[in-house]
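Asks: Quick one: the structure is below, questions incoming.
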Amino acid sequence: MWKLVIEDDEAKRTSVPLTRDDYTIGRKEGNTIRLTERNVSREHAKIHKGANGTPIATPDSPFLLEDMNSYNGVYVNGLRVAQPQKLQHGDLIQIGDYRIVLQDEALTDAEVSNNATTQDMKSTVPTGHVNRSSLLLERPNRLVMLAGPTPGAEFPLDNDRTTIGRAEDCTISVNHNSVSRLHCEVHSLGEGRYEVVDKGSSNGVRVNGSDLRRSIVEPGDIIELGDVRFRFVGAGQIFLPGVGESQQLEAIPDRPPTSIRPGQQPGSSPLLPFVIVGALVAIIVVGGFWFMQQRNNQREGTQEHAQPDDPEQLALMAAKKECDDGNCDIAHDRLVAKIDKKSALRQSSDYQTIETRWADFMLGQADKEMDVGKKRRMLREVQGTDTVPQPRRNIATAKLAELDAATSTTTPIPTGTGPIPTATHTQAVPTNTSTTTATATQPTATATHTATARPPSGGSVFSQASALVTSGDNAGARALLEPRVFGSGHATGDEVKLLKGICKSQHDKSCTAAISSKYPDQ
């Protein structure tokens with residue numbers, strides 16, 4: 001049986017048996033194989049058996065791989081895929097941070113058996129199928145020169161202490177006048193971790209653009225020594241400098257560009273690997289130019305080409321993921337807290353989509369809410385959020401009008417001075433002319449009451465609400481203040497602050513957030 005062995009950037013492996021004819025790979029939900037890292041496109045690649053004009057797969061190459069116009073591309077054994085490509089046992093596929101190996105279990109078992117049988121034999125006869133990914137995955141931690149006398153050259157970090165400089169006795173000798181004789185050292189810290197230490201060089205050491213005396217380096221870091229630039233590539237990773245990354249710098253003419261490293265045989269040529277790498281780079285430049293133009297014209301939205309150091313963009317991306325996971329209320333709160341009101345991102349499609357979905361969520365929750373006060377707050381929050389599309393805000397306005405009309409018809413606040421009954425009722429009170437107590441004669445009347453606390457009569461809304469708070473009736477004070485703060489828009493600063501304090505005392509975060517959104521200066 002054929003299978004894919006998928007390894008992420010934390011070396012966690014997953015095995016996927018290939019029992020179907022077609023597999024889609026990407027970040028979007030619904031793909032057969034879903035890879036969730038950001039450097040994977042929503043629809044990145046496709047593995048299938050040949051059909052619809054593509055080459056027909058053969059028994060020893062049953063699957064074809066296609067790049068679905070992804071942003072970062074698909075690589076097989078270190079080369080970018082340009083056309084539908086046949087896959088064979090042992091091929092290494094790179095998609096973003098993921099490394100995927102295609103394996104035929106029958107051949108894998110046979111290779112293990114052959115290795116066990118021939119491990120003590122001095123045989124040079126090939127065993128048939130060669131696992132081409134094994135040689136690539138076994139490559140050590142190394143520095144790859146991007147700019148210097150020999151761009152593309154690789155220098156394995158196979159010692160506990162590696163020296164880099166212009167001197168010929170350095171472990172890595174770089175023939176360029178911007179590099180000091182002993183420029184820096186690279187120390188192995190174990191478990192694939194390394195530290196770069198500046199040894200008093202004239203032009204210093206920069207790691208990812210920052211001048212540092214010493215620094216821990218990780219795979220992907222760029223190390224600059226003067227004008228010479230290296231990339232640290234982790235063990236088992238494949239890296240070929242792309243267009244614009246390689247730069248030939250003129251070497252000092254008094255000796256060859258790169259010295260013979262300790263342990264190298266004098267008769268061996270150090271240039272052969274560079275010639276091979278140069279040929280591969282030339283192929284990539286010629287064959288990939290058109291695809292780079294297409295890539296620049298087909299960027300997949302704001303999230304695909306965002307700068308990773310933009311905090312507002314990162315906040316938008318995180319909010320989008322939260323909303324996609326069903327937490328649009330959390331996503332809305334993140335946007336309010338993290339993205340400035342003047343930011344252009346508020347006009348982006350992702351931002352508008354989140355706000356629309358949040359408004360729909362709030363309107364749905366308001367329809368289900370039995371508490372009139374909470375229902376009113378939800379509708380006012382939607383109504384007062386200027387980033388919500390106008391149709392949704394109109395819906396909230398209409399629902400508030402219906403709620404206000406129903407409330408004014410069915411639950412008026414009494415204006416008398418007597419005690420408020422605790423239940424809604426209508427009763428006839430007969431005139432009492434012969435009583436044995438000192439009660440006053442009452443006329444026949446019909447009264448409609450509710451369990452709503454009556455505010456003190458007279459004075460401003462603020463003074464009435466303050467009196468209710470003093471008496472411990474926060475709910476009554478809130479009922480007085482909310483129409484002023486959320487409805488008319490003519491609330492005083494004292495009224496806004498008083499309502500905000502009541503909401504905080506009741507731990508009502510949605511009320512507090514709505515007030516802060518509508519009155520940011522309070």
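Counted from 1, the sequence shown has number 518 at position 518 by the numbering used here; the numbering is strictly sequential.
Note that beta-carbon positions come from the ideal geometry of N, C-alpha and C, so glycine has one too.
Just so you know, these numbers come straight off a predicted model, no measurement behind them.
Go through the stretch 332-374 residue by residue and report every complete run of the alpha helix (DSSP H) that reaches 4 residues or more, in order.
Replies: List check, alpha helix (DSSP H) in window: 349-368.
Asks: Note down the Cα distance separating Arg484 from Asp371, rounded to an integer number of angstroms.
Replies: Their backbone Cα atoms lie some 19 Å apart in a straight line.
Asks: Could you check the C-alpha separation between Cys184 and Asp198 for me, to the nearest Å?
Replies: Going by the C-alpha atoms only, they are around 4 Å apart.
Asks: Tell me which residues share the same chain as Met1 and place their Cβ nearer than 7 Å to its Cβ, disregarding the 5 neighbours each side in the sequence.
Replies: So the list reads Pro17, Glu105, once near-sequence residues are dropped.
Asks: For Pro151, does the count of other Cβ atoms within 10 angstroms reach 16, so buried, or fall short, so exposed?
Replies: The residue is buried, with at least 16 neighbouring Cβ atoms inside 10 Å.
Asks: CB His187 to CB Asp211, shorter than 9 Å?
Replies: Not in contact: His187 and Asp211 (Cβ atoms no closer than 9 Å).
Asks: Around the C-beta of Pro257, are 16 or more other C-beta atoms found within 10 angstroms, so that it is buried, or is it exposed?
Replies: Caution is warranted here: a pLDDT of 45 is assigned to Pro257, below 50, making its placement in the model unreliable, and the coordinate value is therefore given only provisionally. By the neighbour-count rule (16 or more Cβ atoms within 10 Å), Pro257 is buried.
Asks: Would you mind stating whether Leu363 and Val382 have Cβ atoms separated by less than 9 Å?
Replies: Contact flag set, yes.
Asks: Which same chain residues, not among the five before or five after Leu157, have their C-beta less than 8 Å away from its C-beta?
Replies: Hits under 8 Å: Pro140, Asn141, Arg142, Leu143, Val186, Ser188, Tyr194.
Asks: Hey, could you find the ends of the alpha helix (DSSP H) Gly476 is sitting in?
Replies: Looking at the DSSP string, the run of the alpha helix (DSSP H) that includes Gly476 is 474-482.
Asks: Could you give the distance in angstroms between the alpha-carbon of Pro498 and the alpha-carbon of Ser466?
Replies: Strictly speaking, residue 498 in this sequence is Leu, with Pro absent from that position. Each residue's Cα considered, the two are about 8 Å apart.
Asks: Can you tell me where the alpha helix (DSSP H) holding Gly501 begins and where it ends?
Replies: First-last of the alpha helix (DSSP H) with Gly501: 493-505.
Asks: Starting from the Cα of Gly373, find the closest Cα among Val469, Val207, Leu481, Val81 and give me that residue.
Replies: Measuring from the Cα of Gly373, the nearest candidate turns out to be Leu481.
Asks: Grab me the residues of Phe462's own chain with a C-beta within less than 7 Å of its C-beta, minus the 5 sequence neighbours each way, in chain order.
Replies: Closer than 7 Å at Cβ, skipping near neighbours: Thr492, Asp494, Glu495, Leu498.
Asks: Pick from Gly165, Asn175, Val217: whose alpha carbon is nearest that of Leu182?
Replies: For Leu182, the nearest C-alpha among the options comes from Gly165.
Asks: With a cut-off of 8 Å on the beta carbons, I'd call Gly527 and Lys509 a contact; round off their distance for me.
Replies: Nothing can be reported for residue 527, as the shown portion of the chain is limited to 1 through 522.
Asks: Should Ile95 and Leu87 be called a contact, given that it needs their Cβ atoms to be closer than 9 Å?
Replies: It is not a contact, given that the beta carbons lie outside the stated cut-off.
Asks: How long is the line joining the alpha carbons of Asp523 and Asn394, rounded to whole angstroms?
Replies: Absent from the structure is residue 523, since the part of the chain shown begins at 1 and ends at 522.
Asks: In this structure, does DSSP put Leu18 in helix, strand or coil?
Replies: The answer is coil: DSSP assigns Leu18 none of H, G, I, E or B.
Asks: Is Asp227 near Val207, with beta carbons less than 9 Å apart?
Replies: No, the pair does not count as a contact, with Cβ atoms beyond the cut-off.
Asks: Alpha helix (DSSP H) containing Asp324: first to last residue?
Replies: Where Asp324 is concerned, the enclosing alpha helix (DSSP H) stretches over 311-324.
Asks: Assuming the contact rule is C-beta atoms closer than 8 Å, Val76 and Gln83 should be a hit. Round their C-beta distance to whole Å, please.
Replies: Incorrect: roughly 11 Å between the Cβ atoms, too far for contact.
Asks: Once the 5 residues before and after His490 are set aside, which same chain residues still bring their CB inside 8 Å of it?
Replies: So the qualifying residues of the chain are Arg484.
Asks: Under the DSSP definition of a beta bridge, which residues are partnered with Tyr75?
Replies: Answer by DSSP bridge pairing, in chain order: Arg80, Gln94.
Asks: Take Lys525 and list the residues in its own chain whose beta-carbon comes closer than 6 Å to its own, dropping the five residues that flank it on each side.
Replies: Because the chain spans 1 through 522 in this model, residue 525 falls outside it and cannot be assessed.
Asks: First and last residue of the beta strand (DSSP E) that includes Cys184?
Replies: Looking at the DSSP string, the run of the beta strand (DSSP E) that includes Cys184 is 184-190.
Asks: Rounded to whole angstroms, what is the Cα-Cα separation between Asp360 and Thr470?
Replies: Near 38 Å, if we compare the C-alpha coordinates of Thr470 and Asp360.
Asks: Can you check whether the CB of Gly236 is closer than 9 Å to the CB of Arg13?
Replies: Against a cut-off of 9 Å, the Cβ pair of Gly236 and Arg13 comes out as no contact.
Asks: Using the Cα positions of Gln506 and Arg20, report the straight-line distance between them to the nearest angstrom.
Replies: Roughly 57 Å separates the two Cα atoms.
Asks: Out of curiosity, what's the CA-to-CA distance linking Ser516 and Arg34?
Replies: Taking the straight line from one Cα to the other gives about 40 Å.
Asks: Between the beta-carbon of Phe232 and the beta-carbon of Glu218, is there less than 9 Å?
Replies: In contact: Phe232 and Glu218 (Cβ atoms closer than 9 Å).
Asks: What residues in its chain sit with their C-beta under 7 Å from that of Thr124, if we drop five residues either side in the sequence?
Replies: For Thr124, the predicted structure reports a pLDDT of 36, less than 50, and the residue's modelled location is therefore unreliable. A value from the coordinates is still provided. No residues qualify anywhere along the chain.
Asks: Out of curiosity, what's the CA-to-CA distance linking Lys338 and Ala331?
Replies: The straight-line gap from Cα to Cα measures roughly 10 Å.
Asks: How big is the Cα-Cα spacing for Asp340 and Arg357?
Replies: Taking the straight line from one Cα to the other gives about 20 Å.
Asks: Identify, in the order they occur along the chain, each residue of the same chain with its Cβ nearer than 7 Å to the Cβ of Arg346, setting aside the five sequence neighbours on each side.
Replies: Correct list, in chain order: Ile339, Thr387.
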